[in-house]
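Residue numbers (the numbering used here): 43 to 555. Heads up: the structure comes next, in structure tokens.
What follows is the structure, encoded as structure tokens:
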């Protein structure tokens with residue numbers, strides 16, 4: 043790969059092997075000063091491994107790295123930082139018990155006359171916060187910040203170490219639309235300053251909007267590059283998955299809605315000023331739209347028994363349903379695939395088979411002894427049904443890609459034949475191929491009569507998958523929209539607090555409907 047005149051980074055022939063797996067095979071990549079390079083690929087393509095090598099977490103088995111066309115050896119994370127390489131992880135690496143200044147200078151504290159120079163660090167932190175557009179005191183505790191504000195602190199932290207190259211891994215996965223726009227402004231500003239940015243994201247629209255160039259990886263190899271001017275959604279996806287990819291969302295069959303399975307009547311969620319009411323029918327995919335903090339997750343946790351409702355009534359198949367804990371909800375056939383699958387949906391050190399059997403472990407061990415044959419049979423069936431990519435069912439879940447981890451979460455519930463399946467951000471951090479498989483699985487489950495509730499912050503997803511959409515704002519429902527009235531502007535207005543009538547009157551496509 044020939045270097046450009048302003049080349050900042052070159053990675054040549056990078057190979058990395060783990061026991062039984064070749065994670066990277068001869069991967070080359072380059073980045074110019076002041077360039078935003080989008081690095082794309084399905085989960086398990088090798089993107090994170092390549093960036094961890096650049097960030098000093100792993101040494102390469104083969105290949106070389108050049109900065110300013112000079113070969114270097116990165117001996118660890120601290121060494122990468124000294125060379126101006128900053129890696130901002132998807133799961134932000136901040137200390138919540140420290141203030142902003144403490145996080146920005148953590149491990150790099152400044153001293154004066156042998157004492158911590160708190161005043162000097164606060165002054166520098168304030169300048170850095172101004173640079174990223176965060177109007178907060180540097181003494182603000184990080185635990186009080188929103189996800190978007192934490193993202194800005196991470197960027198300020200990278201700038202404090204005079205980073206010349208910043209790697210951003212899924213930076214908008216937990217941000218609101220407004221916070222994402224602020225991040226995009228910062229990225230463009232950093233580009234103008236000559237800082238090179240490697241941007242990893244599964245959100246095609248923001249990649250097409252931000253990137254100067256796109257590098258695509260598949261199965262541990264670099265497939266190729268696309269200039270921004272020649273990149274299209276379908277072309278990128280085709281390179282990622284290795285085949286023509288035409289259907290993002292399954293076709294919606296024209297069928298009448300089934301009977302009401304779950305009904306909430308004036309259910310009062312903790313922190314809400316009024317109750318919420320809605321119903322979900324058999325064979326329906328009911329989408330829940332709203333901004334981060336709208337109360338959607340909290341409502342789902344009430345239905346699943348994680349948090350008790352403060353008032354109102356829930357009916358399941360017409361009978362009172364008042365779970366005081368998740369076990370009671372599970373016993374009635376109501377299951378939740380949580381937003382944070384790694385913390386709340388899986389036991390990462392356990393195997394695929396163990397995770398599948400865990401929620402219903404009693405049926406696998408009627409006399410106190412686990413029937414491993416039954417466990418393996420059910421796990422293998424779910425691996426086939428969900429098309430989980432794993433060498434075998436005894437592989438630890440921590441070693442699977444994000445998309446396959448999410449499929450394990452779904453598989454463990456499907457093995458128990460749910461009546462109501464709640465999916466909270468089911469495709470967050472998942473590549474387009476895995477997303478499409480999950481969408482089609484959801485459609486098949488709906489056809490089998492399962493009532494599905496999907497919480498999603500992805501507007502394209504909520505419009506493409508749902509049969510009906512319920513919109514929430516500040517822990518109240520602003521309205522529900524049938525598929526014949528779906529409109530992005532209308533839903534967006536309702537997410538900001540307008541009722542359906544107010545939003546429609548404001549000029550949405552269906553204002554005259």
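Ideal Cβ positions, reconstructed from N, Cα and C, are used throughout, including at glycine. All values reported here derive from a predicted model rather than from experimental measurement.
- Taking 7 angstroms as the cut-off, the beta carbon of residue 536 is found closer than this to the beta carbon of residue 521.
- In the structure shown, the three-state DSSP call for residue 124 is helix.
- Here DSSP, grouped into helix, strand and coil, assigns residue 522 to strand.
- DSSP, reduced to helix, strand and coil, places residue 106 within a strand of the structure shown.
- DSSP places residue 344 in no beta strand (DSSP E) but in the uninterrupted alpha helix (DSSP H) bounded by 338-345.
- Each of 494, 48 and 438 was checked against the Cα of residue 238, and the nearest Cα belongs to 48.
- Its Cα nearest to that of residue 118, the residue 128 stands out among 128, 110, 111 and 382.
- Under DSSP, residue 144 shares a beta bridge with no residue.
- Taking a contact as a CB-CB distance under 8 angstroms, the pair residue 352 and residue 310 counts as one, their CB atoms being some 4 angstroms apart.
- Taking the C-beta atoms as reference points, residue 368 is found nearer than 7 angstroms to residue 347.
- Residue 509 places its beta carbon 7 angstroms or farther from that of residue 356.
- Counting the other CB atoms within 10 Å of its CB gives residue 89 a total of 16 or more, which places it among the buried residues.
- Excluding sequence positions up to five before and after residue 185, its CB lies within less than 6 angstroms of the CB of 138, all in the same chain and listed in chain order.
- Listed in chain order, the non-local C-beta contacts of residue 51 below 8 angstroms within the same chain comprise 71, 72, 73, 96, 107, 108, 109, 207 and 238, local neighbours out to five positions each way being set aside.
- Per DSSP, residue 458 is not a residue of any beta strand (DSSP E), being assigned neither H nor E.
- Nearest Cα to residue 332 within the set 354, 325 and 532: 532.
- Note: residue 513 is bridge-paired with 331 and 521 in the DSSP secondary-structure output.
- Residue 272 counts as exposed, since fewer than 16 other C-beta atoms from the protein chains shown sit within 10 angstroms of its C-beta.
- The continuous beta strand (DSSP E) containing residue 305 extends over residues 302-309.
- Residue pairing by DSSP puts residue 466 in a beta bridge opposite 497.
- Taking C-beta atoms as the reference points, residue 462 and residue 344 fail to come closer than 7 angstroms.
- Rounded to whole angstroms, the separation of the alpha carbons of residue 141 and residue 155 is 23 angstroms.
- Taking every protein chain shown into account, the CB of residue 397 has 16 or more other CB atoms within 10 angstroms, so this residue is buried.
- Residue 77 places its beta carbon 7 angstroms or farther from that of residue 276.
- Taking a C-beta distance under 7 angstroms as the contact criterion, residue 66 and residue 257 do not qualify as a contact pair.
- Taking all protein chains in view, the Cβ of residue 473 is crowded by 16 or more other Cβ atoms within 10 Å, so the residue is classified as buried.
- Residue state for residue 257 is assigned as strand, using DSSP reduced to three classes.
- Residues 143 of the same chain have their beta carbon placed closer than 8 angstroms to that of residue 160, with the five preceding and five following residues left out of the count.
- Closest by C-alpha distance to residue 189, out of 515, 225 and 167, is 225.
- Annotated as distal: residue 263 and residue 300, with beta-carbon spacing of 7 angstroms or more.
- Annotation for residue 446: 430 and 431 place their beta carbon closer than 6 angstroms to its own, counting only its chain and skipping 5 residues before and after.
- Closest in C-alpha terms to residue 220, from the list 194, 198, 233 and 203, comes 194.
- Your pair residue 278 and residue 93 does not check out as a contact, with CB atoms roughly 19 angstroms apart and the cut at 8 angstroms.
- If you draw a straight line from the Cα of residue 182 to the Cα of residue 196, it comes to about 14 angstroms.
- By DSSP's assignment, residue 379 forms a beta bridge with 465.
- Between residue 393 and residue 438, the gap from beta carbon to beta carbon is short of 7 angstroms.
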